[in-house]
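Note sheet for the following structure.
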Amino acid sequence: AQPVIVAIDGPAGTGKSSTSKAVATQLGLSYLDTGAQYRAITWWMVTNAIDVDDPSAIAAVAGKPEIVSGTDPANPTITVDGVDVSAPIRTQEVSSRVSAVSAVPEVRARITELQRAVAAGAEGGIVVEGRDIGTTVLPDADLKIFLTASAEARAARRNGELKGADVNATREALIKRDAADSSRKTSPLAKADDAVEVDTTELTLTQVIECVVTLVEEKR
Ligand code: C5P
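With the sequence shown counted from 1, adding 5 to any position gets you UniProt numbering.
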């Protein structure tokens with residue numbers, strides 16, 4: 006089989022991570038969670054008391070933290086300056102601030118460079134998930150998928166992960182984050198012209214995985 010580069014983009018809660026990890030595992034590909042990288046740099050900003058509402062303060066230190074992503078879909082680790090931040094990057098605090106940090110062009114330039122290096126080093130092929138992979142990071146990807154789902158479905162799925170959260174609050178937070186990610190100037194969340202759009206609202210995770218695996222196999 007040829008090494009393939011698969012880009013999976015879409016808003017929050019559409020099943021990107023679950024789908025990407027499962028597809029990579031089934032097909033023996035590497036995996037990169039680019040959202041985790043933006044969360045990691047945001048965690049570092051918050052931890053170091055950088056004012057995340059001040060883009061110039063963010064830009065000034067964007068190059069400082071060293072971020073390293075593991076690419077095993079069975080164990081996707083992420084470290085900042087050698088510290089494993091897999092758990093703390095998932096807090097509400099980071100989720101509510103990540104859009105402001107990821108909108109800063111210096112942050113995007115830095116993280117995009119990391120992403121391209123990881124993809125270039127993945128010899129057997131890779132599944133890369135995010136918001137701007139098909140449009141900006143890897144415009145020559147062999148296959149581009151854009152996952153969508155209704156806001157209700159996305160909030161319900163996210164709530165299943167966050168035990169005991171209020172589904173309305175979750176939905177509002179997701180809508181707010183998507184609006185910020187879609188409206189920023191530098192590489193916003195967008196479907197690439199040549200991406201295959203898959204609406205997952207009425208599909209099970211297994212069906213979405215099967216659909217993407219079939220599309221990848223057609224490219225190999
Ligand atoms: O995928 P996840 O929800 O963990 O992404 C967190 C945030 O990281 C997004 O809301 C967005 O602000 C940012 N992001 C981005 N570009 C990507 C991936 C994520 O701006 N390729």
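Where is the CB? At the ideal position from N, CA and C, for every residue including glycine. Keep in mind that this is a model prediction, so the values were computed, not measured.
Could you check what DSSP says for glycine 165 in three-state terms: helix, strand or coil? helix
Below 8 Å on the Cβ atoms is my guess for serine 104 versus arginine 113; work out the distance and round it to an integer in Å. Not a contact, Cβ separation roughly 12 Å.
Beta carbon of tyrosine 36: closer than 7 Å to some heavy atom of the ligand C5P? Every heavy atom of the ligand C5P is 7 Å or more from the Cβ of tyrosine 36, so no.
If you run the structure through DSSP and keep just helix, strand and coil, what is serine 23? helix
Given 8 Å, three or more beta-carbon pairs between the region 38-49 and the region 167-185: no
Enumerated in chain order, which unbroken segments of the alpha helix (DSSP H) with a length of 4 residues or greater are wholly contained in the region 109-183? Here the runs fully enclosed are 110-126, 156-166.
Three or more C-beta pairs below 8 Å linking the region 90-104 and the region 45-65: yes
Close Cβ partners of threonine 141 (< 8 Å) along its chain, the five nearest in sequence each way excluded: Thr117, Ser192
Would you mind reading off the limits of the beta strand (DSSP E) that contains threonine 84? 83-85
With respect to the beta strand (DSSP E) encompassing residue 2, which residues constitute its N-terminal and C-terminal limits? The structure shown does not extend to residue 2, since the chain spans only 6 to 225, so no value can be given for it.
Kindly indicate which residue of Gly129, Arg121, Gly130 has the alpha-carbon position closest to the one of isoleucine 138. Arg121
Need the endpoints of the beta strand (DSSP E) that serine 74 sits in, please. 72-74
How long is the line joining the alpha carbons of aspartate 59 and arginine 44, rounded to whole angstroms? 17 Å
Could you compute how far the alpha carbon of aspartate 147 sits from the alpha carbon of threonine 205? 22 Å
Leaving aside the five residues before and after arginine 115 along the sequence, list all residues of the same chain whose C-beta is less than 7 Å from its C-beta, in chain order. Ala67, Gly68
Once DSSP output is grouped into helix, strand and coil, what is the label at serine 101? For serine 101, the three-state secondary structure derived from DSSP is helix.
For isoleucine 150 and valine 218, believed in contact at Cβ under 8 Å, the rounded distance: Contact doesn't hold; Cβ gap of about 11 Å is too wide.
Start and end of the beta strand (DSSP E) containing valine 9? 9-14
Confirm, please, whether the CB-CB distance from proline 70 to valine 85 is below 8 Å. Going by C-beta atoms, valine 85 is nearer than 8 Å to proline 70.
Cβ shell of glycine 33 (< 7 Å), same chain only, five flanking positions each side left out: Closer than 7 Å at Cβ, skipping near neighbours: Gly129.
Taking 8 Å as the limit between beta carbons, can you name the residues of its chain near threonine 76, skipping five residues before and five after? For threonine 76, the CB contacts under 8 Å within the same chain, skipping 5 residues up- and downstream, are Ser35, Tyr36, Leu37, Val123, Ala127, Ile131 in chain order.
Anyone know if the C-beta pair for leucine 194 and serine 187 falls short of 8 Å? yes
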